Amino acid sequence: MLRTQGIAYPAIFVKNMQESLMFYRRLGCQPLYMEPNRDDPDSVIAMLSTGDSHTLIQLVGPREGSDFEMPPHEYGAGSLQYLAFHVPRSLMDEAWVEMASAGVKGSDVIERGYERLVFIEDPNGALVLLIACVVSHA
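Residue numbers (numbering that gives the first Met the number 0): 0 to 137.
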């Protein structure tokens, strides 16, 4: 039986590569490279590191000057519900204030006892979850 070694990366379709890169850079993601999409000449890909050496995200968007039209984001079977990022608890408020100051839409901070979280929306309408684990010492 095949045994996977983990998730390599999610590939996320984006409407505007530059806006999306700016959004994910605000979350601390670092672009590793950007190149033409070898599977589709009308699009480009950007590979981003999410903060550790093992987790990557790939953005797939229209090539500048192409007439590639991205269908609107829809929720349903096979779609991404949200993309969750761990954030240090000490930086949760700062991260949320920075994103809100940049005009990013989002929820209020949600406290669940064992975690603090906030949902924000990327420029493409996809939900992104910032999550900080809370450890209580009894």
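All residues carry an ideal CB built from backbone N, CA and C; glycine is no exception.
As the structure is a prediction and not an experimental result, all values here were calculated from the model.
For the pair residue 60 and residue 103, the CB atoms are not nearer than the 8 Å cut-off. Per DSSP, residue 32 is one residue of the beta strand (DSSP E) stretching across 29 to 35. A direct Cα-to-Cα measurement between residue 69 and residue 10 gives close to 14 Å. A straight-line Cα-Cα distance of about 21 Å links residue 56 and residue 105. In the three-state DSSP reduction, residue 65 falls in the coil class, being neither helix nor strand.
Of the residues assessed, residue 100 falls on the exposed side of the cut-off, its CB having fewer than 16 other CB atoms within 10 angstroms. Residue burial is scored here from C-beta neighbours: residue 16 has at least 16 other C-beta atoms within 10 angstroms and is therefore classed as buried.
In its chain, beyond the 5 residues on either side, no residue has a beta carbon closer than 6 Å to the beta carbon of residue 54. Just so you know, the alpha carbons of residue 47 and residue 25 end up roughly 12 Å apart.
Separation of residue 6 and residue 64 (C-alpha to C-alpha, rounded to the nearest whole angstrom) is 32 Å.
In this structure, the straight-line span from the alpha carbon of residue 88 to that of residue 95 is close to 11 Å.
Taking C-alpha positions only, residue 28 is separated from residue 0 by approximately 34 Å. Residue state for residue 101 is assigned as coil, using DSSP reduced to three classes. Pairing residue 113 with residue 90, the inter-Cα distance amounts to about 16 Å.
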